[in-house]
Amino acid sequence: MRTRAPNKEPGVSTARLADLFDGTKWGEDFSREEVDIIASHLHLATFSDRENVFREGDRQDFMAFIVSGMVDIVKESGDATESVVITLHPRTHLGEMAFVDGEPRSATARAKGDVTLLVLPKEQFQAILRDHPDVGVKMLMKIARLLSRRLRQTTGRLVCAPL
1 MRTRAPNKEP GVSTARLADL FDGTKWGEDF SREEVDIIAS HLHLATFSDR
51 ENVFREGDRQ DFMAFIVSGM VDIVKESGDA TESVVITLHP RTHLGEMAFV
101 DGEPRSATAR AKGDVTLLVL PKEQFQAILR DHPDVGVKML MKIARLLSRR
151 LRQTTGRLVC APL
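UniProt numbering numbers the first residue of the sequence shown as 1 and each following residue consecutively.
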């Protein structure tokens, strides 16, 4: 299982990227004009079955939206065993924590079957913030809501867990 940077797939038009992004859950929250702006900063990447999108501890700074396929989020334990924390499905996203806080990846993301992702590198997001601050802030607020929701879910599971 190797990890590689999500290289840009050649020959994909911005209009096609916009259509793909519009098909994600994120696309539902943005106007077509905003989707077009975001899409101009995305690129498409593909991964084969069991190929790592990123590994726990990596310092890559991108987030991605799943166009097709599934991605397992895997956590390694101290004894080198792995546990699948969650399997992410098409239309969802991954990688937002390291994207926001700049810390190493907290888990491994591994393709489960062939996977196609829309990738947003951090420097491209910073370009959105600079050139289209209204769209960038809207994206930041969406990330904040998603992180808040996940924290609430985790807190709920911890409270309900037997001691």
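Just so you know, even glycine gets a beta-carbon here, dropped at the ideal spot from N, CA and C.
Buried or exposed (CB count within 10 angstroms, at least 16 for buried), residue i
i	result
R32	exposed
T14	exposed
M1	Note that M1 scores a pLDDT of 46, beneath 50, so its modelled location is shaky; the value from the coordinates is reported in the next line. It counts as exposed.
E34	buried
A39	buried
G27	buried
Q60	buried
L151	exposed
CA nearest to the CA of residue i, picked from the options
i	options	result
F30	T155, Q153, R150, K142	K142
A108	S77, R145, G27	Checking the sequence shown, residue 108 turns out to be Thr, not Ala. Ranking S77, R145, G27 by Cα distance to T108 puts S77 first.
D101	L118, H43, K122	K122
L42	F62, E82, A80	F62
A144	D19, F99, R59	F99
T24	H132, Q60, L94	L94
F21	L117, E103, V84	L117
R55	E103, G11, V12	E103
Residue i vs residue j beta-carbon contact at 8 Å
i	j	result
V135	V71	no
V53	A111	yes
D58	R130	no
L147	E96	yes
A45	V119	yes
D36	G113	no
Cβ of residue i within 8 Å of any chain C Cβ
i	result
L140	Note that chain C does not occur in the displayed structure, where there is just one protein chain.
Checklist entry - Is there contact between the segment 87-104 and the segment 56-66, where contact requires at least three CB pairs shorter than 8 Å? => result Verdict: yes, contact present.
Q: Any chance you could list the beta strand (DSSP E) runs of at least 3 consecutive residues sitting entirely within the segment 93-142, in chain order?
A: Every beta strand (DSSP E) of 3 residues or more that sits fully in the segment 93-142 is shown, in chain order, as 108-121.
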